[in-house]
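A.B. asks:
2 protein chains.
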Amino acid sequence: MDMGNNSKVIKCSDYEWNGVSRKEYKDDSSCFKGVHRYSLLGEESDELELTFQTRYFEVEAGGYTSFEYHRHPHSVVIIRGGGTVILGDTLHELSLHDVVYISPNSLHQFHADRGKRLGFLCTVDRYRDRPTLPDVDEIKQKVQSPAVLDKIKR
Amino acid sequence: MDMGNNSKVIKCSDYEWNGVSRKEYKDDSSCFKGVHRYSLLGEESDELELTFQTRYFEVEAGGYTSFEYHRHPHSVVIIRGGGTVILGDTLHELSLHDVVYISPNSLHQFHADRGKRLGFLCTVDRYRDRPTLPDVDEIKQKVQSPAVLDKIKR
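Going line by line, the protein sequences match chains A and B.
Under numbering that gives the first Met the number 0, the first residue of the first sequence is numbered 0, with each subsequent residue one higher.
Under numbering that gives the first Met the number 0, the first residue of the second sequence is numbered 0, with each subsequent residue one higher.
1) To the nearest angstrom, how far is it from the Cα of I151 (chain B) to the Cα of D124 (chain B)?
2) Could you tell me which residues DSSP puts in a beta bridge with K7 (chain A)?
3) Quick one: residues in its chain with C-beta nearer than 8 angstroms to the C-beta of G142 (chain A), no 5 flanking neighbours on either side, listed in chain order?
4) Which residue marks the beginning of the beta strand (DSSP E) containing I138 (chain A), and which one marks its end?
5) Does the stretch 69–88 of chain A touch the stretch 102–119 of chain A, meaning 3 or more C-beta pairs lie closer than 8 angstroms?
6) Check this for me: beta carbons of V8 (chain A) and V99 (chain B), under 7 angstroms apart or not?
7) Please list, in chain order, the residues of the stretch 119–150 of chain A that have any C-beta partner in chain B closer than 8 angstroms.
8) Just to confirm the assignment, what range does the alpha helix (DSSP H) spanning V147 (chain A) have?
9) Taking T50 (chain A) as the query, report the chain B residues whose CB atoms sit under 8 angstroms from its CB, ordered along the chain.
10) Skipping 5 residues on each side, what residues in its chain have a beta carbon closer than 8 angstroms to that of H71 (chain A)?
11) At 8 angstroms on the CB atoms, spell out the chain A contacts of L40 (chain B), in chain order.
12) Mind listing, in chain order, the continuous beta strand (DSSP E) runs of no fewer than 3 residues lying wholly within the stretch 14–73 of chain A?
13) Take S74 (chain B) and list the residues in its own chain whose beta-carbon comes closer than 6 angstroms to its own, dropping the five residues that flank it on each side.
14) Over the uninterrupted beta strand (DSSP E) stretch that includes G118 (chain A), give me the two end residues.
15) Between L17 (chain A) and chain B, is any beta-carbon pair separated by less than 7 angstroms?
16) For chain A, find out if any of its Cβ atoms is closer than 7 angstroms to the Cβ of V8 (chain B); answer yes or no.
17) Can you say whether R21 (chain B) is buried or exposed, counting buried as having 16 or more other CB atoms within 10 angstroms of its CB?
18) Strictly below 8 angstroms CB to CB, what residues from chain A border V84 (chain B)?
19) Which word fits D136 (chain B), buried or exposed, when buried means at least 16 other C-beta atoms lie within 10 angstroms of its C-beta?
20) Is the Cβ of E46 (chain B) closer than 7 angstroms to any Cβ of chain A?
21) Within 10 Å of its beta-carbon, does D134 (chain B) have 16 or more other beta-carbons around it, so buried, or fewer, so exposed?
22) Give me the Cα-Cα distance between E23 (chain B) and Q140 (chain A), rounded to the nearest whole angstrom.
23) What residues in its chain sit with their C-beta under 8 angstroms from that of L132 (chain A), if we drop five residues either side in the sequence?
24) Within 10 angstroms of the Cβ of S144 (chain A), are there 16 or more other Cβ atoms? Answer buried if so, exposed if not.
25) Beta carbon of T53 (chain A), beta carbon of L39 (chain A): below 7 angstroms?
26) Run down chain B in chain order and give the residues with a C-beta less than 7 angstroms from the C-beta of Y63 (chain A).
27) From the beta carbon of H91 (chain B), is the nearest beta carbon of chain A less than 7 angstroms away?
28) Would S172 (chain A) count as contacting chain B if we go by Cβ distances under 7 angstroms?
29) Assuming contact is defined by CB atoms lying nearer than 7 angstroms, are D45 (chain A) and N5 (chain A) in contact in what I supplied?
30) Output the distance between the C-alpha atoms of G61 (chain B) and K32 (chain B), rounded to the nearest integer angstrom.
31) Can you grab the Cα-Cα spacing for the pair F119 (chain B) / I78 (chain B), in whole Å?
32) Indicate, with yes or no, if the ligand HEM has a heavy atom lying under 6 angstroms from the CB of D45 (chain A).
33) Should H91 (chain B) and E57 (chain B) be called a contact, given that it needs their Cβ atoms to be closer than 7 angstroms?
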C-alpha cells in the first residue's frame with residue numbers, strides 16, 4: 000500500500016518557496032504588467048493525483064494581470080498586500096485573506112493599484128481551456144460600467 | 000452568455016469571512032481537539048462549477064486534527080501561525096505560507112504545538128472518499144518512527 004511517499008512540505012520564506020521558481024506570468028502576448036507566477040502544487044510528475052493546481056501570483060505595485068475570461072472557474076485567496084479586481088461589470092477592493100470566486104466566462108483583471116504588491120493563491124482545474132482576451136467590440140458589448148471601462152488595461 | 004453573475008468577493012477581517020460560519024471540524028466521532036472549519040468556496044449552490052472545495056481550518060494552540068488517511072489528496076497552505084504535521088512516517092515543522100502536499104493514502108495529522116494557532120487553507124476534490132481512522136494494529140503496521148508514534152493523538 001502506498002504510504003504516501005509523495006507527500007511533502009514545501010518550506011516558505013518571505014513568499015519564496017523552496018525549489019519553486021518564479022516564472023513569467025504568461026508566455027504569450029497577453030497584455031499584463033509586473034506579474035510573476037509560482038506553481039506550488041499540481042504540475043510536478045509526483046503530484047499527478049491532484050485534479051487541480053495551486054499557484055501563487057504576485058503583482059508588483061502598479062501592475063495588473065491580463066483582462067480575460069475562460070470557462071474554467073478560479074478560486075482565489077489574497078495572501079499579500081491588496082488591490083482591486085474587476086469582476087464582469089463591477090470593481091471590488093481586495094485586502095488580506097479576501098476570497099474571490101471567478102465563475103465561468105466572467106471577465107476579470109487583478110490590479111495592484113494601492114501602492115503595494117498584490118499576492119494571491121489561485122486554484123484551477125488541471126485540465127482547462129485557454130483564456131480569451133476580448134477585443135474592443137466585445138468589451139463594449141459586455142461592459143457597461145464607466146468605472147470598469149476606465150479601469151481596464153489592455 | 001453568462002457574464003459571471005456568480006462571481007464574488009468574500010471580504011475577510013482577522014480570519015473571519017463575511018457570511019461564512021465557523022463550523023465544527025467534523026460531525027462524527029473522530030478524535031480531534033480545538034479545530035474549526037470554514038467552508039470558503041465550492042459548497043454553495045452558486046459555486047457548483049467548481050470541481051474542488053476551498054476550506055480554511057483553524058487549530059487552537061494545543062489542538063490537533065484527526066489522525067487519518069483517504070484516497071483523495073490534499074493541497075494545503077499555512078496562512079496563520081505554525082505547528083507540526085505528521086506525514087506518514089515523518090514529522091515536519093510548519094511555518095507561515097509553507098505548502099503541504101498530502102498524497103493518496105498518506106497518514107496525516109496537524110498539530111498546533113508551538114504555543115500558537117495553526118490556520119491553513121485546504122483544497123480537496125468536491126467528490127471524495129471518507130477518511131479512515133487507523134486502529135492500533137494498523138498504526139503499528141504502518142508507522143515505524145518512534146517520534147511519530149509518540150506524536151500521534153487519537
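Think of the CB as a built atom: it goes at the ideal place given N, C-alpha and C, for glycine as much as any other residue.
C.D. replies: On the basis of the coordinates in this document:
1) If you number the second sequence from 1, residue 151 (chain B) lands on position 152. If you number the second sequence from 1, residue 124 (chain B) lands on position 125. The straight-line gap from Cα to Cα measures roughly 26 angstroms.
2) Position 8 of the first sequence, counted from the first residue, corresponds to residue 7 (chain A). Answer is B:Y100.
3) The residue you call residue 142 (chain A) lines up with position 143 of the first sequence. The question names Gly, but residue 142 (chain A) in the sequence shown is Val. Excluding residues within five positions, the ones whose Cβ falls inside 8 angstroms are G87, D88, L106, L148 and I151.
4) As a first step, residue 138 (chain A) is located in the first sequence; it is residue number 139 there, counting from the start. Looking at the DSSP string, I138 (chain A) is not in any beta strand (DSSP E); the run it does join, the alpha helix (DSSP H), is V135 to K141.
5) yes
6) The count along the first sequence starts at 1 and reaches residue 8 (chain A) at position 9. The count along the second sequence starts at 1 and reaches residue 99 (chain B) at position 100. Yes, these two residues count as a Cβ contact at 7 angstroms.
7) L120, T122, D124 and K141
8) For the purposes of this step, residue 147 (chain A) is taken as residue 148 along the first sequence, with counting starting at 1. Residues P145 to K150.
9) For the purposes of this step, residue 50 (chain A) is taken as the residue at position 51 of the first sequence. By Cβ distance, chain B contributes T50, F51 and D124.
10) Along the first sequence, read from residue 1 onward, the residue named residue 71 (chain A) stands at position 72. Within the same chain, H71 (chain A) has close Cβ partners P103, V123, D124, R127 and D128.
11) Position 41 of the second sequence, counted from the start, is the residue given in the question as residue 40 (chain B). Proximity of chain A to L40 (chain B) at the Cβ level (cut-off 8 angstroms) is accounted for by S74, V98 and Y100, in chain order.
12) 32–40 and 51–63
13) By 1-based counting over the second sequence, the position of residue 74 (chain B) is 75. Result list for S74 (chain B): T122, in chain order.
14) Walking along the first sequence from the start, residue 118 (chain A) turns up at place 119. L117 to D124 is the extent of the beta strand (DSSP E) around G118 (chain A).
15) Residue mapping note: residue 17 (chain A) aligns to position 18 of the first sequence, counting from 1. According to the sequence shown, residue 17 (chain A) is Asn rather than Leu. With 7 angstroms as the cut-off, N17 (chain A) does not count as an interface residue toward chain B.
16) Within the second sequence, residue 8 (chain B) is the residue found at index 9, counting from 1. For V8 (chain B), the answer is yes, since a Cβ of chain A falls inside 7 angstroms of its Cβ.
17) By one-based count along the second sequence, residue 21 (chain B) stands at place 22. Exposed, because fewer than 16 other Cβ atoms sit within 10 Å of the Cβ of R21 (chain B).
18) Looking up residue 84 (chain B) in the second sequence gives position 85. The contacting residues are V8.
19) Here residue 136 (chain B) is taken as the residue at index 137 of the second sequence, counted from 1. Exposed.
20) For the purposes of this step, residue 46 (chain B) is taken as the residue at position 47 of the second sequence. Among the CB atoms of chain A, one or more fall inside 7 angstroms of the CB of E46 (chain B).
21) As a first step, residue 134 (chain B) is located in the second sequence; it is residue number 135 there, counting from the start. By the neighbour-count rule (16 or more Cβ atoms within 10 Å), D134 (chain B) is not buried but exposed.
22) Stepping through the second sequence from its first residue, residue 23 (chain B) is reached at position 24. Stepping through the first sequence from its first residue, residue 140 (chain A) is reached at position 141. Their backbone Cα atoms lie some 46 angstroms apart in a straight line.
23) For the purposes of this step, residue 132 (chain A) is taken as residue 133 along the first sequence, with counting starting at 1. Excluding its 5 nearest sequence neighbours in each direction, L132 (chain A) has C-beta neighbours in its own chain below 8 angstroms: S29, C30, S65, F66, E67 and R153, listed in chain order.
24) Against the first sequence, residue 144 (chain A) aligns to sequence position 145. Exposed: under 16 other Cβ atoms inside 10 Å.
25) Within the first sequence, the letter at position 54 stands for residue 53 (chain A). Within the first sequence, the letter at position 40 stands for residue 39 (chain A). Their beta carbons are under 7 angstroms apart, which means T53 (chain A) touches L39 (chain A) by this criterion.
26) The sequence position of residue 63 (chain A) within the first sequence is 64, counting from 1. Near Y63 (chain A) there are no residues of chain B at all, since even the closest Cβ is about 17 angstroms away, more than 7 angstroms.
27) Taking the first residue of the second sequence as 1, we reach residue 91 (chain B) at position 92. Yes, because at least one Cβ of chain A sits closer than 7 angstroms to the Cβ of H91 (chain B).
28) Outside the shown range of chain A (0 to 153) lies residue 172 (chain A), about which nothing can therefore be said.
29) Counted from its first residue, the first sequence places residue 45 (chain A) at position 46. Counted from its first residue, the first sequence places residue 5 (chain A) at position 6. Yes, they are a contact pair.
30) Position 62 of the second sequence, counted from the start, is the residue given in the question as residue 61 (chain B). Position 33 of the second sequence, counted from the start, is the residue given in the question as residue 32 (chain B). So the alpha carbons of these two residues sit roughly 8 angstroms apart.
31) As a first step, residue 119 (chain B) is located in the second sequence; it is residue number 120 there, counting from the start. As a first step, residue 78 (chain B) is located in the second sequence; it is residue number 79 there, counting from the start. Spanning the two alpha carbons is a distance of roughly 5 angstroms.
32) This structure lacks the ligand HEM, and indeed carries no ligand of any kind.
33) One-based indexing of the second sequence puts residue 91 (chain B) at position 92. One-based indexing of the second sequence puts residue 57 (chain B) at position 58. The answer is no: Cβ separation not under 7 angstroms.
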